[in-house]
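Right, one structure below, let's go through it.
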Amino acid sequence: MRITQGCFSFLPDLTDEQISKQVQYCLANGWAVNIEFTDDPHPRNSFWEMWGLPMFDLRDAAGVLMELTECRKVYGNSYIRLSAFDSSHGWESVRLSFIVNRPKEEPGFRLERHEVEGRNIRYTTKSYAVDRPEGQRYGAS
Amino acid sequence: MNTLTAVDSSGAAPPATLVDLRREFDEVGIGEVLDQLDRELIGLKPVKTRIREIASLLLIERIRKRMDLASGNPTLHMSFTGNPGTGKTTVALRIASILHKLGFVRRGQVVSVTRDELVGQYIGHTAPKTKEILKKAMGGVLFIDEAYYLHRPDNERDYGQEAIEILLQVMESQREDLVVILAGYGDRMDKFFGSNPGFRSRIAHHIDFPDYADDELLAISELMLGDMNYKFSADARAAFVRYIALRKTQPLFSNARSIRNALDRMRLRQANRLVADLDRVLSADDIMSLEASDVLASRVFSSGSGG
């Protein structure tokens, strides 16, 4: 099951050229672009690992693409996203975030039912991927 | 000749076949930058010739691209060698704007760095540091001043070598993303290239900056004064001609930079002279002009006569 979170996730995967244009848009707005990766696809997982520091003071998308290529070499079979941080007063938050890399196979989520008091049921979603320990969730790497 | 034109007419069938060179030249606006270079940079004949050549090549390359006669982007990495104060940094800024106007770099910013900004202080510090600078320079020009400090032959565990390797790799693989300009004093750069042959072969343009002649230094000083809204009186000008001749023979002479410093000291003396006489009404002319006494008070004259 293809996970959909962040911008553009209902579109086909962006090509490098398209990614580069989006990054250039972010840089033109003065946002700092950051690369993050994870192998826990749950939508409530807000703690993705950072690939290096956020890239401040860049002028051209080529710099971000260079780092992304490096990151893909190491974590090519995980989720990688780019997020653009706006440091201007009043915003000080992420303005744009989109997935740029996903594992070859995404096993999807199962629904778990908890039977609680009074025949009530609580639902929770759990990714099949996280049944295995971190680092082994999508085969090698 | 004949074969050339034949290739030209057949190869350029789908895209533009005829190009108005003058219009193309005006369109990119490099004429303006080159004129500015001529106007604001005094002397430096060989440098200007070389920049003109590069600009022409790039202009033709641009047209060739439109005609589908692609020959691959030319290598644009350069090395500037010359004594201190010969205008290497200034020219690097101009080169960046020429390259930007011709579309060979996308953004046209110049990131000027020295060893400190590229080389780290402990193991594992250098690579991220160098990469961060490279990322900032992407789409523009990376200007490495005194590049030979990157290589310390006396210490084989020096982290400079790591920075050099990363630089070389990016210079080769991302030639269309950034242009690297190395600058430094002639003899030391030769030694640097001697011990890093990879650099020498990846750099297409080696430009040597000559020292300025006396009259050029005088013209530079007048240009600088004009920018600061000062001027020489006739006597002061004559004294300054002598100053230049004397200063050149002394150690640590660094061309235009020495001239700039001398001018700053003269402004100091002029201000002091004006303030010494408080009961005076000053005209704009008084405030603007440097007198011979401001020049002659310099240490250069005393040490020159003393021995």
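Chains as they are written, first to last, in this note's numbering: chain G, -7 to 133; chain D, 81 to 387. For each residue, glycine too, the CB sits at the ideal point set by N, CA and C.
- Distance from the Cα of D295/D is smallest, within the candidate group F320/D, V99/D and D225/D, for F320/D.
- Put simply, of T210/D, I339/D, K181/D and F184/D the residue whose alpha carbon is nearest the alpha carbon of V193/D is T210/D.
- When rounded, the separation of the alpha-carbon atoms in E245/D and D366/D is 57 Å.
- Restricting attention to beta strand (DSSP E) runs no shorter than 3 residues, the stretch 242 to 281 of chain D encloses them at 259 to 264, ordered along the chain.
- For the stretch 40 to 121 of chain G, the continuous alpha helix (DSSP H) assignments of 4+ residues that do not extend past its boundaries occur at 53 to 67, in sequence order.
- Within the model, the alpha-carbon separation for K128/D versus D118/D is close to 8 Å.
- DSSP places H180/D in the uninterrupted alpha helix (DSSP H) bounded by K168 to K181.
- For M42/G, the nearest beta carbon of chain D is not closer than 9 Å to its own beta carbon.
- Counting every other CB atom within 10 Å of its CB across the protein chains shown gives T61/G a total below 16, marking it as exposed.
- The C-beta distance from T161/D to Y229/D rounds to 14 Å, too long to meet the 8 Å contact threshold.
- Interface annotation, G82/G: not in contact with chain D, CB-CB separation never under 9 Å.
- With respect to Y120/G, P95/G sits apart: the two C-beta atoms are not nearer than 9 Å.
- The criterion of a C-beta distance shorter than 9 Å is satisfied by I175/D and V259/D.
- Of the residues assessed, D344/D falls on the exposed side of the cut-off, its CB having fewer than 16 other CB atoms within 10 angstroms.
- Secondary structure within the stretch 288 to 370 of chain D: the alpha helix (DSSP H) runs of 4 or more consecutive residues, fully enclosed, are 294 to 307, 314 to 329, 335 to 356 and 364 to 368 (chain order).
- Using a Cβ-Cβ cut-off of 9 Å, R187/D is close to R51 and D52 of chain G, given in chain order.
- Closest in C-alpha terms to D196/D, from the list P233/D, A217/D, G240/D and D234/D, comes G240/D.
- The beta-carbon of E212/D is placed less than 9 Å from the nearest beta-carbon of chain G.
- Rounded to whole angstroms, the gap between the alpha carbons of E126/G and F29/G is 12 Å.
- Between H157/D and M251/D a beta carbon distance of about 6 Å is seen, short of the 8 Å cut, so the two are scored as contacting.
- Close to P208/D, with beta-carbon spacing below 9 Å, are these residues of chain G in chain order: G44 and L45.
- Shown here for F0/G: same chain residues with a beta carbon closer than 7 Å to its own, the five before and five after excluded, namely L6 and F90 in chain order.
- With a threshold of 16 other beta carbon atoms within 10 Å, T97/D falls short and is exposed.
- Comparing C-alpha distances from A314/D to each of L326/D, L348/D and D374/D shows the shortest one belongs to D374/D.
- With a threshold of 9 Å between beta carbons, E28/G makes no contact with chain D.
- Here N335/D is near D291/D, since their CB atoms are less than 9 Å apart.
- One Cα belongs to L305/D, the other to L121/D, and the distance between them is close to 14 Å.
- Looking at the backbone, the Cα of N352/D and that of L370/D are separated by about 12 Å.
- Classified as buried, Q350/D has 16 or more neighbouring CB atoms from the shown chains inside 10 Å of its CB.
- For L297/D against I261/D, the beta-carbon gap comes to about 25 Å, at or over 8 Å, which does not count as contact.
- Spanning the alpha carbons of L149/D and H285/D requires a straight line of approximately 23 Å.
- Here L222/D is bridged, per DSSP, to V191/D and V260/D.
- For M158/D, the nearest beta carbon of chain G is not closer than 9 Å to its own beta carbon.
- For A207/D, there is no enclosing beta strand (DSSP E); the enclosing alpha helix (DSSP H) has its first and last residue at T206 to A217.
- Within the same chain, and ignoring the five residues on either side of E41/G in sequence, the residues whose Cβ sits closer than 7 Å to its Cβ are E28, F29 and T30.
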